[in-house]
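Chemist: Chains as they are written, first to last, in this note's numbering: chain U, 1 to 204; chain H, 205 to 607.
Even for Gly, the Cβ is constructed at its ideal location relative to N, Cα and C.
These numbers were taken from a predicted model, which means no experiment stands behind them.
Pasting a structure here, questions to come.
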Amino acid sequence: MQPGALNVLVIDENRIRAAIIEEGLRDAGYAVTVVEEMQGLARRIAELNPDVIVIDLENPNRDMLESIFQLTRAIQRPIAMFVDKSDEASIEAAVEAGVSAYIVDGLKQERVRPILKMAISRFNAFSRLSRELEETRSELENRKVIDRAKGLLMRSRGLSEEAAYALLRRTAMNQNRKIAEIAQSLVTAASLLDPGAPDPGVKT
Amino acid sequence: MTTRHAITAGFVPLLDSALLVAAKEKGFAAAQSIDLTLVRERSWASIRDRLAVRQFDVAHILGPMPIACNLGLSAPAPKMIVPMALGLGGNAVTVSAALWRAMAEAGATDDLDARRNGAALRRVIDGRRGEPLRFGVVHPYSGHNYELRYWLAASGIDPDREIDILVLPPPDMGDALAEGLIDGYCAGEPWNTFGVLKRGAHLATVKAAIWKSSPEKVLGVDAGWGEANPEALAALLVALHHAALWCGDPRNHAELASLLALPAYVGREPELLLPALTGVLPVGGGAVRTVGDFFVPQAKAATFPWKSHALWFYTQMVRWRQVAHTEANRQVAAETYRPDVYRAALKALGIAMPSASAKVEGALTAETPVGSSGALTLGPDGFFDGGRFDPDDVDGYIAAQSR
């Protein structure tokens with residue numbers, strides 16, 4: 001059977017992550033709907049009648065979602081969470097990745113497992129991406145402040161750029177600190193000593 | 205060298221996580237050689253899932269939830285035991301300013317009286333046209349859901365046909381009320397105080413008025429972990445007992461409120477947390493009322509896991525058609541709560557403990573000394589409508605409520 005016969009609902013307040021999951025599932029041939037808005041969720045679920053619902057584990061609205069299954073029987077039958085109660089490895093991998101999934105009871109495991117696997121790998125990819133983005137951002141910040149500190153040293157002590165950097169690095173090594181920390185101290189000290197002066201580190 | 209126990213506990217940022225927070229922050233856990241790690245979660249579903257995959261050993265959890273898990277109502281769930289309660293009471297029913305005005309015109313007063321204000325709500329519904337009133341609760345298997353329904357039903361209001369009850373995360377309740385998405389809610393603290401002080405809401409009644417000395421959050425323990433680590437579990441119960449004593453002492457309320465206010469815990473201003481601890485509650489419109497037993501962390505055997513509490517929750521699951529009543533199900537519910545584990549862990553402390561494992565709920569109309577030592581008092585534990593629950597007659601109670 002074509003995977004397209006399965007209807008997946010993705011609930012995620014994080015748009016970027018939702019888009020990443022949606023893309024993965026669509027590429028695999030599933031029909032995907034993304035819902036970001038929790039209001040009127042019961043009605044949306046009744047309309048869409050999904051086979052599988054994927055939601056981030058940390059979503060505070062999961063208790064509401066589970067109550068919708070219980071109270072309104074919105075989907076034909078009460079829903080079983082994850083692939084199978086006995087499939088502990090899948091459950092653990094999902095919880096680790098921060099995914100939870102609800103599946104229409106009676107749906108065959110072999111049809112659902114690829115969806116869950118896809119969701120898990122996309123969640124992990126998103127976490128990796130967020131981490132890398134954060135690292136890149138702080139790397140950029142560091143580089144900026146080091147450039148400013150170099151500029152200060154070049155002006156006040158008449159050093160070349162290489163010599164200014166070498167001085168920063170040597171100081172950092174002697175004090176067992178990071179170059180960016182030394183640079184930040186220098187920039188802060190300079191601005192305290194001469195708050196009125198134009199920022200010497202700014203490059204044009 | 206003493207054995208050190210590493211224990212990971214999940215909790216939801218609510219006032220009644222106090223015992224776990226105090227156990228960690230005030231050194232009661234460390235004194236029992238426990239390295240206690242507290243992990244904050246934003247839903248009960250997430251608490252259950254992390255228990256299921258053994259990321260948590262124990263958790264701050266809604267009293268009915270371990271029963272629901274053991275009854276297979278909520279998959280996937282670990283088998284759980286409840287060897288200790290985390291206090292009594294602590295919830296309130298909060299209504300919007302508009303609904304309160306209508307209720308006040310129909311005879312409701314500021315004194316939080318469950319009977320009078322329930323009757324006023326009945327009259328408001330009689331005079332209404334159109335959509336039913338909407339009330340939020342925190343979870344289908346929660347004391348909140350059951351006490352709200354009990355209050356409505358005993359006030360002559362059908363909670364299924366005349367009220368729309370939906371589940372919302374507690375921190376969203378106040379905003380949903382202010383935006384008119386709901387007309388009222390039953391939640392724990394600080395979310396009623398938040399609604400009153402920050403969103404113009406009004407308290408209609410409190411859990412302590414609907415059912416005095418009634419159960420709320422408990423310590424849910426992964427049964428497998430508990431069996432494999434009996435010493436760690438006993439040590440945790442001792443630590444929590446000392447934490448409960450500390451939390452119950454009025455001299456510590458201000459410090460407890462500021463501990464809970466830390467971003468790692470409830471993360472809300474101490475002013476929002478103090479009312480539940482002191483029982484001096486802002487009820488709305490500037491009025492303040494004192495409710496003696498609003499939240500009881502330790503006194504009156506507040507941490508004792510009564511089987512009658514478990515069975516009452518079970519009768520309400522049956523009443524609201526969450527589970528079918530069978531003898532096997534009744535047994536699962538009764539066996540989820542484990543006063544035997546509680547007694548064994550705290551025996552060495554020589555403290556006064558109830559000798560019975562269950563009691564007739566609603567039988568005590570006043571505070572009553574129990575046991576030979578007289579060191580322990582229980583109750584009052586009455587339901588506002590004079591109802592009584594005899595745990596030995598679950599069938600009769602269920603039959604009477606289904607009429």
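1. Helix, strand or coil, according to DSSP, for P200 of chain U in the structure here?
2. Could you name the residues of chain U that H343 of chain H contacts, counting a contact when the two beta carbons are closer than 8 Å?
3. Run down chain H in chain order and give the residues with a C-beta less than 9 Å from the C-beta of V52 of chain U.
4. Please name the residue or residues paired with K421 of chain H in a DSSP beta bridge.
5. Measuring only between beta-carbons, confirm whether V205 of chain U sits less than 9 Å from chain H.
6. Residues of chain H with a CB under 7 Å from the CB of E92 of chain U: which are they?
7. Please classify Q614 of chain H as buried or exposed, where buried requires at least 16 other C-beta atoms within 10 Å of its C-beta.
8. Give the single residue among H:N396, H:Q605 and H:G392 whose Cα lies nearest to the Cα of G378 of chain H.
9. Whose C-beta lies closer than 6 Å to the C-beta of N61 of chain U among residues of the same chain, with five residues either side of it excluded?
10. When DSSP labels each residue in this structure, what does V243 of chain H get in the three-state scheme?
11. Does L209 of chain U get closer than 9 Å to chain H when you measure Cβ to Cβ?
12. Report buried or exposed for S221 of chain H, applying the criterion of at least 16 other Cβ atoms within 10 angstroms of its Cβ.
13. Drop a sphere of 10 angstroms on the beta-carbon of V611 of chain H, count the other beta-carbons inside from all chains shown, and report buried for 16 or more, exposed for fewer.
14. Give me the Cα-Cα distance between L370 of chain H and W355 of chain H, rounded to the nearest whole angstrom.
15. Just checking my contact of G267 of chain H with F499 of chain H at CB under 8 Å: how many whole Å lie between their CB atoms?
16. Are the stretch 551-564 of chain H and the stretch 389-405 of chain H in contact at 8 Å, needing three or more beta carbon pairs?
17. In the DSSP assignment, find the unbroken beta strand (DSSP E) run with T397 of chain H in it and report its ends.
18. CB V598 of chain H to CB Y469 of chain H, shorter than 9 Å?
19. Touch check for the stretch 295-315 of chain H and the stretch 454-466 of chain H: three-plus C-beta pairs under 8 Å?
20. Hey, quick one: how far does the alpha helix (DSSP H) through G24 of chain U stretch, first residue to last?
21. Tell me the start and end of each unbroken alpha helix (DSSP H) in the stretch 513-541 of chain H that is at least 4 residues and wholly inside, in chain order.
22. Give the interface partners of D253 of chain H over in chain U, defined as CB-CB distance under 7 Å, in chain order.
23. Quick one: give me the first and last residue of the alpha helix (DSSP H) that D376 of chain H is part of.
24. Under the DSSP definition of a beta bridge, which residues are partnered with N7 of chain U?
25. Say whether chain H places a C-beta atom closer than 9 Å to the C-beta of E47 of chain U.
26. Does any CB atom of chain U fall closer than 9 Å to the CB of R208 of chain H?
27. I need the straight-line Cα distance from R77 of chain U to I115 of chain U, nearest angstrom please.
28. To the nearest angstrom, how far is it from the Cα of E47 of chain U to the Cα of F69 of chain U?
29. Please report whether the beta-carbon of P60 of chain U lies at a distance below 9 Å from any beta-carbon of chain H.
30. Among H:R208, H:Q502, H:A538 and H:A405, which has the Cα closest to the Cα of D314 of chain H?
31. For the alpha helix (DSSP H) containing F232 of chain H, name the first residue and the last one.
32. Would you list the one or two residues that DSSP bridges to G340 of chain H?
33. Leaving out the 5 sequence neighbours to the left and right, which residues in its chain are closer than 7 Å to L186 of chain U when beta-carbon positions are compared?
34. Taking beta-carbon pairs under 9 Å, can you tell me which members of the stretch 453-481 of chain H lie near chain U?
35. With a cut-off of 8 Å, do at least 3 Cβ pairs link the stretch 536-554 of chain H to the stretch 501-514 of chain H?
Modeler: Working from what's here:
1. Against the first sequence, residue 200 of chain U aligns to sequence position 200. Its pLDDT being 47, under 50, P200 of chain U is placed unreliably by the model, and the measurement read from it follows with that caveat. It is coil, neither helix nor strand.
2. In the second sequence, residue 343 of chain H corresponds to position 139, counting from 1. Under the 8 Å cutoff, chain U gives D63 and S67.
3. Locating residue 52 of chain U in the first sequence gives position 52, counting from the first residue. Per Cβ cutoff of 9 Å: no residues; V52 of chain U is ~15 Å from chain H at best.
4. Numbered from its first residue, the second sequence carries residue 421 of chain H at position 217. In the DSSP output, where bridge partners are listed per residue, K421 of chain H has H:L266.
5. Chain U is shown from 1 up to 204; residue 205 of chain U falls before or after that span and cannot be answered.
6. Along the first sequence, read from residue 1 onward, the residue named residue 92 of chain U stands at position 92. Residues of chain H passing the Cβ test: V257.
7. Here chain H comprises residues numbered 205 to 607, so residue 614 of chain H is not present and cannot be evaluated.
8. Counting from 1 along the second sequence, the entry for residue 378 of chain H is found at position 174. It is H:N396.
9. Here residue 61 of chain U corresponds to residue number 61 of the first sequence, with the count starting at 1. The answer, listed in chain order, is M38.
10. The residue given as residue 243 of chain H occupies position 39 in the second sequence. Note: V243 of chain H maps to strand in three-state DSSP.
11. Given a span of 1 to 204 for chain U in the structure shown, any question on residue 209 of chain U remains unanswerable.
12. In the second sequence, residue 221 of chain H corresponds to position 17, counting from 1. That one is buried.
13. The requested residue 611 of chain H does not occur in the structure, where chain H is confined to residues 205 to 607.
14. Locating residue 370 of chain H in the second sequence gives position 166, where the first residue counts as 1. Locating residue 355 of chain H in the second sequence gives position 151, where the first residue counts as 1. Looking at the two C-alpha atoms, the distance is approximately 16 Å.
15. Along the second sequence, one-based indexing puts residue 267 of chain H at 63. Along the second sequence, one-based indexing puts residue 499 of chain H at 295. Actually they are not in contact, since the Cβ atoms of G267 of chain H and F499 of chain H sit about 14 Å apart, beyond 8 Å.
16. no
17. For the purposes of this step, residue 397 of chain H is taken as the residue at position 193 of the second sequence. Here T397 of chain H belongs to no beta strand (DSSP E); instead the alpha helix (DSSP H) covers W395 to R403.
18. Numbered from 1 along the second sequence, position 394 holds the residue referred to as residue 598 of chain H. Numbered from 1 along the second sequence, position 265 holds the residue referred to as residue 469 of chain H. No, these two residues do not count as a Cβ contact at 9 Å.
19. no
20. By one-based count along the first sequence, residue 24 of chain U stands at place 24. Looking at the DSSP string, the run of the alpha helix (DSSP H) that includes G24 of chain U is R15 to D27.
21. 531-540
22. Along the second sequence, one-based indexing puts residue 253 of chain H at 49. Under the 7 Å cutoff, chain U gives L57, V95 and S100.
23. Position 172 of the second sequence, counting from 1, holds the residue named residue 376 of chain H. Run containing D376 of chain H: P374 to A382, per the alpha helix (DSSP H) assignment.
24. On the first sequence, residue 7 of chain U is found 7 positions in, with the first residue counted as 1. Answer by DSSP bridge pairing, in chain order: U:A31.
25. What you label residue 47 of chain U is simply residue 47 of the first sequence in a count that begins at 1. So no, E47 of chain U is outside the interface.
26. Residue 208 of chain H sits at position 4 when you count from the first residue of the second sequence. So no, R208 of chain H is outside the interface.
27. Position 77 of the first sequence holds residue 77 of chain U. Position 115 of the first sequence holds residue 115 of chain U. At R77 of chain U the pLDDT is 47, less than 50, meaning the model places this residue with poor confidence and gives no usable figure here.
28. The residue you call residue 47 of chain U lines up with position 47 of the first sequence. The residue you call residue 69 of chain U lines up with position 69 of the first sequence. Distance between the alpha carbons of E47 of chain U and F69 of chain U is about 14 Å.
29. As a working mapping, residue 60 of chain U is identified with position 60 in the first sequence. At least one chain H Cβ lies under 9 Å of P60 of chain U.
30. For the purposes of this step, residue 314 of chain H is taken as the residue at position 110 of the second sequence. Per the Cα distances, H:A405.
31. To locate residue 232 of chain H, count along the second sequence from 1; it is residue 28. Per DSSP, F232 of chain H belongs to the alpha helix (DSSP H) from F232 to A235.
32. If you number the second sequence from 1, residue 340 of chain H lands on position 136. According to DSSP, G340 of chain H bridges with H:L370 and H:Y389.
33. The residue labelled residue 186 of chain U in the question sits at position 186 within the first sequence. For L186 of chain U, where only same-chain residues beyond five positions count, the Cβ hits under 7 Å are A149 and L152.
34. none
35. yes
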